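Here the sequence shown stands for residues 13 to 315, numbered as in this note's numbering. Here is the structure we will look at.
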Amino acid sequence: MTDNEQPRILDLDRDRLAALRGRALTRAVAAAEGRTMVAEVFAERAALSPHPDGRGVHNAELVAAFGADVVVLNLIERAWDGERLRLPGLGEFTSFTELARVIGRPVGVNLEPGDVPEIRRAKPEHAKRLVDMGAALLCITANPGTGGSYEAMARVTAELRAGLDPDTALWSGKMHHAGHPERVTAARLTALVDAGADGVVMPLPGTLPGVTRELAAEAVAAVQDAGAIVMGAIGTSQEGSHADVVPQLALNAKEAGFDAHHFGDSYIPGVCDPEVMYAYSVAIRGRRHTWNRMALGGRQARS
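Pasting the structure below:
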C-alpha cells in the first residue's frame, strides 16, 4: 500500500487499530468493502467477572477476542461521571485513548436524543467531552422505549456537527423502533447525512418487520451516494439467536451493500452471543480475517 492509499480497517495491526478515530475510522471502514464488525456492550457490565473485587474480563474485551473491529459503549452514564470511566474487570480510565490501547480496539459511545439520563443525552457539551477524552466515534441512536425519532436524530446530529471538530465521526440512526414506530425509508436516512452524519445506522433486513432486502439495498445505495457509510444493526435480541440464523442475515447484508455490521448487547448481560458474532464474521470475511482480528485481542498492560 502506498502512502496515498486509504488503509482498510481489517488490515490494521493492534496499535494502529487502537489509535483509529474520527473520520479516518469512517474511511477505513468504507475501504474494507463490507467487512467491518462492530459490537455494542453495556459500559458497566463484565459478564465474565466472577470476583467480588471486580477482577475478570469486561464485555469489551470479550467481543474483541471474538473478532470485533470496533467497540461501542452503551448506557455510558452507568460507568462515566463526566470525567472518569469505571469499567469492571478493567479498572478506571481518564481517557478513551488509554482504554482503546488496553483492549486494542477503537472505542465509541452511544448518545441519544430521547428521554434518557442527562449524561447520555446527545448534547454538544457531553459530546465534546467524550471526543476530547478520545472517543473514536459518537453513535447517535436510541435504546428501547426512549421514544427517539428520526426527526430528533437529524436535529441533534446537526447540533453536534456544528459544535464539534469537523473530523469527528458521527454515525446516526436507529437499530429498532425505540418506542417511536416509524417506517425506515431512504429519505429518512439520507436526511441524517444532510444533517452531518458520516455514518448512518439502520436495521439489517430480517431483524425488524418491514425492513426487506429490497428496501435495504435502496437505502444503502442512497446513503452511500450521499457520501456516508452504512452500518447494518442487529438490535432486536437476535444477537442472542442460534448460529444457523447468521448466514442468512450476513449474506443478505453483504448483498445489500452494508459497510459495517453491528451486534447489539442483548444476550449475556450487556453483550451479544460471541459465538454468533464469530459465525457472522466468518460468513462476511472468512476465517483468515476473522482469526487475524481475534489474534490481535488480549489485554495490554497499562503504562
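Positions of the beta carbon are idealized from the N, C-alpha and C atoms, including for glycine. Just so it is clear, the structure is predicted and the values come from calculations on it, not from any experiment.
When the options are compared against residue i, the one with the closest alpha-carbon
i           : options            : result
residue 172 : 150, 101, 74       : 150
residue 312 : 42, 37, 76         : 76
residue 329 : 145, 138, 122, 137 : Past the boundaries of the shown model lies residue 329; the chain is included only from 13 to 315, so the question cannot be answered.
residue 236 : 153, 111, 275, 271 : 271
residue 18  : 231, 42, 165, 25   : 42
residue 194 : 207, 263, 181, 160 : 160
Boundaries of the beta strand (DSSP E) in which residue i is found, first to last residue
i           : result
residue 215 : 211-215
residue 274 : 272-275
residue 150 : 150-152
residue 98  : 97-99
For residue i, three-class secondary structure by DSSP
i           : result
residue 54  : strand
residue 86  : strand
residue 249 : coil
residue 281 : strand
residue 32  : coil
residue 202 : helix
residue 69  : strand
residue 242 : strand
residue 311 : coil
residue 39  : helix
residue 133 : strand
residue 220 : coil
Continuous alpha helix (DSSP H) stretch holding residue i: start and end
i           : result
residue 120 : Residue 120 -> not in any alpha helix (DSSP H); beta strand (DSSP E) instead, spanning 119-123.
residue 138 : 136-144
residue 115 : 108-115
residue 300 : 286-307
residue 104 : Where residue 104 is concerned, there is no enclosing alpha helix (DSSP H), although the beta strand (DSSP E) it sits in stretches over 103-105.
residue 24  : Unbroken run through residue 24: none, as it is neither H nor E.
residue 235 : 225-237
Cβ-based burial, residue i [other Cβ within 10 Å; buried from 16]
i           : result
residue 118 : buried
residue 178 : exposed
residue 299 : exposed
residue 210 : buried
residue 217 : buried
residue 307 : exposed
Problem set entry | beta strand (DSSP E) runs contained entirely in the segment 160-197, provided each spans 3 or more residues | Counting whole runs of 3 or more residues, the segment 160-197 contains the beta strand (DSSP E) stretches 182-185.
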